[in-house]
């Protein structure tokens, strides 16, 4: 019975992907796998920003700190919805919120600290300078955000870009919900079969 259920699960995933998500282009947001130097909340970034985030691991390692993620891409109820400037790069996957922690994961500098005198701390200064040296953006105005400055470089076309990305990723959320439901059905079926086997013994 488990074999049939597994086959059904695979076929269902294929069918869902084909019927609902085969049209191009697809959602460009990717999940960034946590590392030793970039930890915290789930980090969701645009595929064009992904490699630039990877470069931050080297910066954090050299500065002997951890970049602790406090927020990243999120889905808006309405793709055309206006957002605060501080969230502008987040909702297109080109930035994330953070705080700085030491090698033992203890807090070094949070949003408040970053907005005041972060350069007084050698490790934090090292990190922020490394961010700038790799062409990324940090400022005291939005002190807890690291981005590639996509919003600032294209304010005129930003709304169209944001609406496009948010619209394309709406379906991805629906897809994940369907797949989670199917996976739960499969797991429940396995548990039931396991219970039935034990009863036979």
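Residue numbers (the working numbering): -18 to 182.
We put the CB at the ideal spot given by N, CA and C, even for glycine.
Computed from a prediction, not measured in an experiment: that's the story for all the values here.
State yes or no: is the C-beta of residue 98 within less than 7 Å of the C-beta of residue 47? Against the chain shown, residue 98 aligns to sequence position 117. Against the chain shown, residue 47 aligns to sequence position 66. Going by C-beta atoms, residue 98 is not nearer than 7 Å to residue 47.
Taking just the CA atoms, how far does residue 147 sit from residue 113? Counting from 1 along the chain shown, the entry for residue 113 is found at position 132. Counting from 1 along the chain shown, the entry for residue 147 is found at position 166. Looking at the two C-alpha atoms, the distance is approximately 28 Å.
Please state the DSSP three-state secondary structure of residue 2. Residue numbering aside, residue 2 sits at position 21 when the chain shown is read from its first letter. A caution first: residue 2 carries a pLDDT of 47, below 50, which makes its placement in the model unreliable, though a value can still be read off. The answer is helix: DSSP assigns residue 2 an H, G or I state.
Distance between beta carbons of residue 90 and residue 105, contact taken as under 8 Å: One-based indexing of the chain shown puts residue 105 at position 124. One-based indexing of the chain shown puts residue 90 at position 109. 5 Å between Cβ atoms; contact.
Strictly by DSSP, which residues pair up with residue 83? Taking the first residue of the chain shown as 1, we reach residue 83 at position 102. DSSP lists 46 as partners of residue 83.
Consult DSSP for residue 107 and reduce its assignment to one of helix, strand or coil. Along the chain shown, one-based indexing puts residue 107 at 126. Residue 107: helix per DSSP, three-state reduction.
Going by alpha carbons, who is nearest to residue 121 out of 94, 45, 16? Here residue 121 corresponds to residue number 140 of the chain shown, with the count starting at 1. Closest option to residue 121, Cα to Cα, is 94.
Segment contact flag, the region 123 to 131 with the region 57 to 70, C-beta cutoff 8 Å, min 3 pairs: yes
By alpha-carbon positions, which one of 84, 36, 27 ends up nearest to residue 45? The count along the chain shown starts at 1 and reaches residue 45 at position 64. Cα-wise, what sits closest to residue 45 is 84.
Boundaries (first-last residue) of the alpha helix (DSSP H) holding residue 210: An answer regarding residue 210 cannot be provided, because it is not within the stretch -18 to 182 covered by the chain.
Residues sharing a beta bridge with residue 12, DSSP: What you label residue 12 is simply residue 31 of the chain shown in a count that begins at 1. BP columns for residue 12 point to 25.
Would you list the one or two residues that DSSP bridges to residue 77? Counting from 1 along the chain shown, the entry for residue 77 is found at position 96. DSSP lists 127 as partners of residue 77.
Rounded to whole angstroms, how far is the Cβ of residue 76 from the Cβ of residue 51, which I believe are closer than 8 Å? In the chain shown, residue 76 corresponds to position 95, counting from 1. In the chain shown, residue 51 corresponds to position 70, counting from 1. About 12 Å separates the two Cβ atoms, so there is no contact after all.
Same chain, Cβ closer than 6 Å to residue 139, five either side skipped, listed in chain order: Taking the first residue of the chain shown as 1, we reach residue 139 at position 158. Answer for residue 139: 132, listed in chain order.
Less than 7 Å between the C-beta atoms of residue 9 and residue 28, yes or no? Here residue 9 refers to the residue found at position 28 of the chain shown. Here residue 28 refers to the residue found at position 47 of the chain shown. Cβ atoms of residue 9 and residue 28: closer than 7 Å.
What do you reckon, are the CB atoms on residue 36 and residue 115 nearer than 7 Å? Position 55 of the chain shown, counted from the first residue, corresponds to residue 36. Position 134 of the chain shown, counted from the first residue, corresponds to residue 115. Yes.
Would you mind sorting residue 41 into buried or exposed? The rule is 16 or more other CB atoms within 10 Å of its CB. Here residue 41 is taken as the residue at index 60 of the chain shown, counted from 1. It counts as buried.
Candidates 53, 6, 49, 15: closest to residue 25 by CA position: By one-based count along the chain shown, residue 25 stands at place 44. For the residues 53, 6, 49, 15, the minimum Cα distance to residue 25 belongs to 53.
Quick check: the Cα distance between residue 58 and residue 153, rounded to an integer number of angstroms? Position 77 of the chain shown, counting from 1, holds the residue named residue 58. Position 172 of the chain shown, counting from 1, holds the residue named residue 153. Answer to the nearest angstrom: the Cα atoms are 14 Å apart.
Report yes if the C-beta distance between residue 141 and residue 130 is below 7 Å; otherwise report no. By one-based count along the chain shown, residue 141 stands at place 160. By one-based count along the chain shown, residue 130 stands at place 149. For residue 141 and residue 130, no; Cβs fall outside 7 Å.
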